[in-house]
Amino acid sequence: GYWLDEAGMMSYDAYQTALQRVAMLGGQVLLTTTPYNRGWLKSQVWDRADGDMIHAERWKSIDRPGYPVDQYEMMKKLMSTHRFSMMFDARFERPEGLIYGDFKDRCVIPRFNIPEDWPRFVGMDFGGLNTAAIFLAQSPNGNLYAYREYLAGNRTASGHASQLKRLSEGETFRKIVGGSASEGQWRREFTEAGWNITPPIVKDVEVGIDRVVSYHKSDSLFIMDDLIRYLDEKASYSRILDSDMLPTEKIENKEKYHLLDSERYIAGDVSSRRQFAFEV
Numbered sequence: 056g057y058w059l060d061e062a063g064m065m066s067y068d069a070y071q072t073a074l075q076r077v078a079m080l081g082g083q084v085l086l087t088t089t090p091y092n093r094g095w096l097k098s099q100v101w102d103r104a105d106g107d108m109i110h111a112e113r114w115k116s117i118d119r120p121g122y123p124v125d126q127y128e129m130m131k132k133l134m135s136t137h138r139f140s141m142m143f144d145a146r147f148e149r150p151e152g153l154i155y156g157d158f159k160d161r162c163v164i165p166r167f168n169i170p171e172d173w174p175r176f177v178g179m180d181f182g183g184l185n186t187a188a189i190f191l192a193q194s195p196n197g198n199l200y201a202y203r204e205y206l207a208g209n210r211t212a213s214g215h216a217s218q219l220k221r222l223s224e225g226e227t228f229r230k231i232v233g234g235s236a237s238e239g240q241w242r243r244e245f246t247e248a249g250w251n252i253t254p255p256i257v258k259d260v261e262v263g264i265d266r267v268v269s270y271h272k273s274d275s276l277f278i279m280d281d282l283i284r285y286l287d288e289k290a291s292y293s294r295i296l297d298s299d300m301l302p303t304e305k306i307e308n309k310e311k312y313h314l315l316d317s318e319r320y321i322a323g324d325v326s327s328r329r330q331f332a333f334e335v
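Last residue of the sequence shown: number 335 in this note's numbering, and the count goes up by one each step with no gaps.
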């Protein structure tokens, strides 16, 4: 067996590793945790619990024998409703400060074959340990569909380029965008390896986030439901809260969100060209 305590604070890869390590002997994986966000723990465990392959239970803090009810009631008064519900009642809520709170569950859709004539785009974020890419296709009405994610490390730019070309064999991309203004060397390395990357039009982080938010508000960005790592990032990308539990401008653990940075780079570029792409 394998036990992951506070699994909700771990990555999806940790859960996958646990499943892999018990597979040979048909072992079980036990997860005990507070539901810190609506990421992989919800989509891959809670929502899939069928009582057979996956069994799930929910307990409030006061369900534990001897838990002081007065403390439970006091924390209910001190904390925001959403945070208390997560921390003390074990319910999946959208945390305060969630940057993409306008992203709706109905925009997560089953996989389908992207028509060959839909323009395709790639956004990328560079890093020695985490190089990421998100692949988008644009329908004739301007909607975007995220259909592939890539997150890997410990490879040269040439190694990443070879893998990306293999994954997208037969596909043609209108544009591949990636990196910040200072990451020209990364772009040159990829381009020399046959994966031509251009710098993003939108360089400011907040403006890029606003472009993505506009897609979510208009329900015009759809995500294939097997993009687990992307969806996990989307569910926890939040701003740091101040002492009054109000969001600040700072992004919590910003360096962890490589797929969302990839999305921000390309969404900012595509959104400025939506009308142009399909006018005849």
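Every residue gets a Cβ at the ideal spot worked out from N, C-alpha and C, and that includes glycine.
With DSSP as the reference, identify every bridge partner of T253, one or two as the case may be. Sequence index remark: in the sequence shown, residue 253 carries index 198 (1-based). Answer is V232, bridged to T253.
Let me confirm a value: N168 is counted as buried when at least 16 other C-beta atoms fall within 10 Å, else exposed. Which label applies? Stepping through the sequence shown from its first residue, residue 168 is reached at position 113. Label assigned to N168: exposed.
Does any residue of chain B have a CB that is nearer than 8 Å to the CB of G233? You won't find chain B in this structure, because it holds only one protein chain.
Opposite S293 in the DSSP bridges: which residues? On the sequence shown, residue 293 is found 238 positions in, with the first residue counted as 1. Looking at the DSSP assignment, S293 forms a beta bridge with L153.
Minimum C-alpha distance to E247 - residue among S217, Y205 and L282: What you label residue 247 is simply residue 192 of the sequence shown in a count that begins at 1. Comparing Cα-Cα distances from E247 to each of S217, Y205 and L282, the minimum goes to S217.
Using a Cβ-Cβ cut-off of 7 Å (strictly less than) and excluding sequence neighbours within five positions of Y122, which residues of its own chain qualify? Here residue 122 refers to the residue found at position 67 of the sequence shown. The answer, listed in chain order, is S116.
Using 8 Å as the threshold, is the C-beta distance between G233 and F181 below it? Residue mapping note: residue 233 aligns to position 178 of the sequence shown, counting from 1. Residue mapping note: residue 181 aligns to position 126 of the sequence shown, counting from 1. A contact, by the Cβ cut-off of 8 Å.
Using C-beta distances below 7 Å, list every residue in its chain close to S66, excluding the 5 sequence neighbours before and after it, in chain order. Residue 66 sits at position 11 when you count from the first residue of the sequence shown. Closer than 7 Å at Cβ, skipping near neighbours: no residue.
Quick check: what's the CA-CA separation for I164 versus D125? Position 109 of the sequence shown, counted from the start, is the residue given in the question as residue 164. Position 70 of the sequence shown, counted from the start, is the residue given in the question as residue 125. Taking the straight line joining both Cα atoms gives about 44 Å.
For the pair the segment 138–151 and the segment 249–267, tell me if three or more CB-CB distances fall below 8 Å. Result no; under three Cβ-Cβ pairs closer than 8 Å.
State the CB to CB distance for the pair D249 and K220, rounded to an integer number of angstroms; the pair is presumed to be in contact (CB under 8 Å). For the purposes of this step, residue 249 is taken as residue 194 along the sequence shown, with counting starting at 1. For the purposes of this step, residue 220 is taken as residue 165 along the sequence shown, with counting starting at 1. One point to set straight first is that residue 249 is Gly, not Asp, in the sequence displayed. Correct: roughly 7 Å between the Cβ atoms.
Which residue wins for smallest C-alpha separation from A322, given the options V84, K311, E310 and V260? Position 267 of the sequence shown, counted from the start, is the residue given in the question as residue 322. In terms of Cα proximity to A322, the closest of V84, K311, E310 and V260 is V260.
Using only the alpha-carbon positions, how far apart do P302 and R161 sit? Counting from one through the sequence shown, the residue named residue 302 turns up at place 247. Counting from one through the sequence shown, the residue named residue 161 turns up at place 106. Their Cα atoms are separated by approximately 26 Å.
Does DSSP classify A322 as helix, strand or coil? Counted from its first residue, the sequence shown places residue 322 at position 267. When DSSP states are grouped into helix, strand and coil, A322 belongs to the helix group.
For R93 and A290, believed in contact at Cβ under 8 Å, the rounded distance: Here the question's residue 290 lines up with position 235 in the sequence shown. Here the question's residue 93 lines up with position 38 in the sequence shown. With a Cβ gap of about 4 Å, A290 and R93 count as contacting.
DSSP three-state assignment for A145, whether helix, strand or coil: Here residue 145 corresponds to residue number 90 of the sequence shown, with the count starting at 1. In this structure, A145 counts as coil in the three-state DSSP scheme.
How about the segment 170–188 and the segment 307–314: do they share at least three Cβ pairs that are nearer than 8 Å? By the criterion of at least three beta-carbon pairs nearer than 8 Å, the segment 170–188 is in contact with the segment 307–314.
May I have the straight-line CA-CA distance separating G197 from R266, to the nearest angstrom? In the sequence shown, the residue the question calls residue 197 occupies position 142. In the sequence shown, the residue the question calls residue 266 occupies position 211. Looking at the two C-alpha atoms, the distance is approximately 14 Å.
Which residues share a DSSP beta bridge with M279? Here residue 279 is taken as the residue at index 224 of the sequence shown, counted from 1. M279 pairs with I164.
Collapsed DSSP secondary structure at F245 in the structure displayed: In the sequence shown, counting from the first residue as 1, residue 245 sits at position 190. Of the three classes helix, strand and coil, the one that applies to F245 here is helix, per DSSP.
Identity of the residues DSSP links to V84 by a beta bridge: What you label residue 84 is simply residue 29 of the sequence shown in a count that begins at 1. Partner(s): Y57.
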